[in-house]
Amino acid sequence: MRKIARLIAPALVATLAFSAVAPGMAEAAPRYDAPRQQAAHVTPKREAAIRADIAGLRAQIDRAATRRTISQREAAGLRREAADIQRLHTAYARGGLNAREMETLERRIDKVHVALRGERSDRNGHRG
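When the letters of the sequence shown are read in order and numbered with mature numbering (1 follows the signal peptide of the UniProt record, and there is no 0), they come out as residues -22 to -1, 1 to 106.
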């Protein structure tokens, strides 16, 4: 037991000494704060384009349902996704859209466009 105490005691003292010195060293060190990069805000022209894309998506869904190239159930699901995108756009637009938010919206719109094309050509007993 004494042998262990002889080994642990110096290590404990060294640890305590170092922890007492370390805070003083941190205060003396110069502080460097990297400048924050501001998120690039989207121009009004691009924001108008995204609004037009959402409206166009809804119109395409309605047109496909009217022409019966997709079923009413398929149209309802696609409309729900378009409404989710609209809500997300509204939430993002409150603070001004940045590039990442714009990218997210465009990706989700493209995803619904692909789903619409898939529903039109799925050959599940509907015309088209």
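Note that the Cβ used here is the ideal one computed from N, Cα and C, for glycine as well.
Excluding the 5 residues flanking residue i on each side, which residues of the same chain have their C-beta closer than 6 Å to its C-beta?
i: ASP31; result: ILE87
i: ALA(-1); result: Confidence is the limiting factor: at ALA(-1) the pLDDT is only 49, short of 50, which leaves the residue's position unreliable and the question unanswerable from this model.
i: TYR70; result: GLU79
If you check the beta carbons only, do residue i and residue j fall under 8 Å apart?
i: GLU52; j: GLU97; result: yes
i: TYR90; j: ILE63; result: The question names Tyr, yet the displayed sequence has Val at residue 90. In contact: VAL90 and ILE63 (Cβ atoms closer than 8 Å).
i: HIS67; j: ILE28; result: yes
Span of the alpha helix (DSSP H) holding residue i?
i: ARG45; result: It is not in any alpha helix (DSSP H) - ARG45 carries neither H nor E in the DSSP assignment.
i: LEU94; result: 77 to 98
i: THR68; result: 50 to 71
Buried or exposed: where does residue i fall if 16 or more other Cβ atoms within 10 Å of its Cβ makes it buried?
i: ALA42; result: buried
i: ALA60; result: buried
i: TYR10; result: Confidence is the limiting factor: at TYR10 the pLDDT is only 46, short of 50, which leaves the residue's position unreliable, though a coordinate-based value still follows. Per the 10 Å Cβ criterion, exposed.
Using C-beta distances below 8 Å, list every residue in its chain close to residue i, excluding the 5 sequence neighbours before and after it, in chain order.
i: GLU84; result: ILE28 and ASP31
I'd like the list of long-range same chain contacts for residue i, defined as Cβ closer than 7 Å, with 5 residues on each side in sequence excluded.
i: SER94; result: At residue 94 the sequence reads Leu, which differs from the Ser that was named. Only GLN38, ILE39, ALA42 and LEU56 meet the Cβ criterion.
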